[in-house]
Amino acid sequence: MVFFLVMVNTTIAAQLNYLFMSIYILEIFVSFLLLAAVPLAVYTLMGMTKFHLNIRLSASSVIIHLALAILARFVLLYYQINQMPMGVTDFVFLAANLVRESVAGWSIAVPIAISAERSFATIFSSWYEKQSLGTLVVFIVQSLVLEIYGWTNALLLIYGVYSIQFNVIEYGVVFFGGAVLFQYVLMMNVEYGKRLQKMSITAYCLSRAYQIRENIKIMKMLRKLAFPALIFNIPAFSFISLHIFLPYEERLSLVRNVSIALFDLWIALYAASFQLLAYNIEPHLQESLRRSSYAAYCLDRYDRMPGRIRKLTQMSSPPHLNKTDIYFTMLSKDLHSAKKLSTISKISII
């Protein structure tokens, strides 16, 4: 039996047309805003040069997948609102279902992928910190694994190999497992960083220390998003659970159908709120975004801090340096300055 992601009953939607159309209009409005922000979001993330290239690529990949999911949702909404025939023979409709569901599975597995990438960065920190072309292999493998999981899950669900009930439970387990693994990797990095402080300062240890510090900084930043993510996920899982786990009885049909409509709306609101939250908690993201004069103009009105924004946007650009030159300059200063060596050995990397 084939399963499609257009789950609102057309009869009930027609009876309460004003309610469902209000939900759809709000979802479309928020989704259009998200799509319009995609180029600026990717530009901003790639401009955060203080972070490892793989982290910037991973974050940009999240935004691009969000855009694909929104486009797929627009197709599904078109079929839903116009009550068009739906079937596996309609390639556009089938593709929209597969893309939407593959992105859902991809997103759920992101915490595990990030934890694995940060573990690799810890184990091979000296090599990984140099950001050579070889380190891109890690991002490519990570992306392939996520895509395989997302598309396998989508095919199994859409073609009815397993049920939507199993799918939701699976997502819950994968997401929870990713959160636990993420916390473990963070604790491992903190402990490893403490051990590095006690070692003698060498080029090898210094290189590892830089990477461990970046790991901790990135993971602590992401952990700040973890609790809000949990809060945002509670309504999402509640809405989808009401739809799929309530008995298929006529008296519960309205609850089930309104719940699934609110679920899709909530996903759009979730994505928009999460991007604003990330901007508010990460100074590097704010700095990168304000490099665009138009973004600075908008943010001037968003946080009402014109003086600070003018200072950030009008400051003269630093002289261009090759990344390799920057790295070896820092390394040379740390190795040959006795004063700085003593300072580094005492400073906390947490």
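Position one of the sequence shown corresponds to residue 14 (my numbering), numbered consecutively onward.
All C-beta atoms in this analysis are idealised placements derived from N, C-alpha and C, irrespective of residue type, glycine included.
These numbers were taken from a predicted model, which means no experiment stands behind them.
Report task. Decide yes or no for the touch test of the segment 70-86 against the segment 51-60: beta carbon pairs closer than 8 angstroms, at least 3 of them. Result -> yes
Query - CA-to-CA distance, Leu48 to Glu295, given in whole angstroms - result: Locating residue 295 in the sequence shown gives position 282, where the first residue counts as 1. Locating residue 48 in the sequence shown gives position 35, where the first residue counts as 1. Whole-angstrom Cα-Cα distance: 22 angstroms.
Query raised in the report: Just checking my contact of Ala284 with Leu79 at CB under 8 angstroms: how many whole Å lie between their CB atoms?
Result: Working through the sequence shown from its first residue, we reach residue 284 at position 271. Working through the sequence shown from its first residue, we reach residue 79 at position 66. 6 angstroms between Cβ atoms; contact.
**Report entry** Residue interval of the alpha helix (DSSP H) (run including Glu40)
**Finding:** As a position in the sequence shown, residue 40 is number 27, starting the count at 1. Unbroken alpha helix (DSSP H) run through Glu40: Asn30 to Met59.
Requested in this report: Report the rounded CA-to-CA distance for Ala50 versus Arg208, giving the unit in angstroms.
Outcome: Translated into positions along the sequence shown, residue 50 becomes position 37. Translated into positions along the sequence shown, residue 208 becomes position 195. Taking the straight line from one Cα to the other gives about 43 angstroms.
Requested in this report: Kindly indicate which residue of Val187, Asn166 and Leu259 has the alpha-carbon position closest to the one of Glu114.
Outcome: Within the sequence shown, residue 114 is the residue found at index 101, counting from 1. Selected option, being the one with the closest Cα: Asn166.
Query raised in the report: Is Arg296 helix, strand or coil when you go by DSSP?
Result: Taking the first residue of the sequence shown as position 1, residue 296 is located at position 283. First, the residue type needs correcting, since residue 296 is Pro and not Arg in the sequence shown. Of the three classes helix, strand and coil, the one that applies to Pro296 here is helix, per DSSP.
Query raised in the report: Is Tyr184 buried or exposed, if buried means 16 or more other CB atoms sit within 10 Å of its CB?
Result: As a first step, residue 184 must be located in the sequence shown, where it is residue number 171. Per the 10 Å Cβ criterion, buried.
Query - From Val151, Val116 and Gly147, residue whose alpha carbon lies closest to that of Phe133 - result: Indexing the sequence shown from 1 puts residue 133 at position 120. For the residues Val151, Val116 and Gly147, the minimum Cα distance to Phe133 belongs to Val151.
**Report entry** Closest Cα partner of Ala192 within the set Pro241, Ser145, Tyr175 and Asn180
**Finding:** Within the sequence shown, residue 192 is the residue found at index 179, counting from 1. Checking every option, the nearest Cα to that of Ala192 belongs to Pro241.
Query raised in the report: Where Phe16 and Leu81 are concerned, what is the direct C-alpha to C-alpha distance, given to the nearest angstrom?
Result: The residue labelled residue 16 in the question sits at position 3 within the sequence shown. The residue labelled residue 81 in the question sits at position 68 within the sequence shown. Rounded to whole angstroms, Phe16 to Leu81 spans 20 angstroms at the Cα level.
Requested in this report: Tell whether a beta-carbon distance below 8 angstroms holds between Ala291 and Leu282.
Outcome: Looking up residue 291 in the sequence shown gives position 278. Looking up residue 282 in the sequence shown gives position 269. In this structure, Leu282 does not lie closer than 8 angstroms to Ala291 by Cβ.
Query raised in the report: When burial is assigned at 16 or more other CB atoms within 10 Å of the CB, is Tyr175 buried or exposed?
Result: In the sequence shown, counting from the first residue as 1, residue 175 sits at position 162. That one is exposed.
Query raised in the report: So, is Ala126 buried or exposed, given that buried needs 16 or more other C-beta atoms within 10 angstroms?
Result: Translated into positions along the sequence shown, residue 126 becomes position 113. The residue is buried, with at least 16 neighbouring Cβ atoms inside 10 Å.
Requested in this report: Note down, in chain order, each residue of its chain lying with its Cβ closer than 7 angstroms to the Cβ of Glu40, except the 5 sequence neighbours on either side.
Outcome: By one-based count along the sequence shown, residue 40 stands at place 27. Within the same chain, Glu40 has close Cβ partners Asp277, Leu278 and Ala281.
Query raised in the report: In three-state terms, what does DSSP make of His78?
Result: Within the sequence shown, the letter at position 65 stands for residue 78. Three-state result, His78: helix.
Query raised in the report: Using the rule of at least 16 other Cβ atoms within 10 Å of the residue's Cβ for burial, across every protein chain shown, is Arg226 buried or exposed?
Result: In the sequence shown, counting from the first residue as 1, residue 226 sits at position 213. By the neighbour-count rule (16 or more Cβ atoms within 10 Å), Arg226 is buried.
Query - Start and end residues, alpha helix (DSSP H) containing Ser120 - result: For the purposes of this step, residue 120 is identified with residue 107 of the sequence shown, where counting begins at 1. Here the alpha helix (DSSP H) through Ser120 covers Phe104 to Ile121.
Report task. Starting from the Cα of Ser35, find the closest Cα among Met59, Ile94 and Ser145 and give me that residue. Result -> Here residue 35 is taken as the residue at index 22 of the sequence shown, counted from 1. The option with the nearest alpha carbon to Ser35 is Ile94.
Query - Residue of Val271, Phe106 and Met99 minimising C-alpha distance to Ala27 - result: On the sequence shown, residue 27 is found 14 positions in, with the first residue counted as 1. Nearest of Val271, Phe106 and Met99 to Ala27, Cα basis: Val271.
Requested in this report: Look up Lys143 in the DSSP assignment and say whether it is helix, strand or coil.
Outcome: The residue labelled residue 143 in the question sits at position 130 within the sequence shown. DSSP places Lys143 in coil when its eight states are reduced to three.
Query raised in the report: First and last residue of the alpha helix (DSSP H) that includes Ser176?
Result: Against the sequence shown, residue 176 aligns to sequence position 163. Careful: Ser176 lies outside any alpha helix (DSSP H) and carries neither H nor E.
Query raised in the report: In three-state DSSP terms, what is Tyr283?
Result: Numbered from 1 along the sequence shown, position 270 holds the residue referred to as residue 283. Three-state result, Tyr283: helix.
**Report entry** Reduced DSSP category for Leu169 - H, G, I as helix; E, B as strand; rest coil
**Finding:** Start at 1 with the first residue of the sequence shown, and residue 169 comes out as number 156. Looking at Leu169 - three-state DSSP - the assignment turns out to be helix.
Query raised in the report: Arg162 to Ala129, Cα distance in whole Å?
Result: Numbered from 1 along the sequence shown, position 149 holds the residue referred to as residue 162. Numbered from 1 along the sequence shown, position 116 holds the residue referred to as residue 129. Here the sequence assigns Tyr to residue 162, which means Arg is not the residue at that position. So the two alpha carbons sit approximately 15 angstroms from each other.
**Report entry** Under 8 angstroms between C-beta atoms of Tyr37 and Leu90
**Finding:** Along the sequence shown, read from residue 1 onward, the residue named residue 37 stands at position 24. Along the sequence shown, read from residue 1 onward, the residue named residue 90 stands at position 77. Contact flag set, yes.
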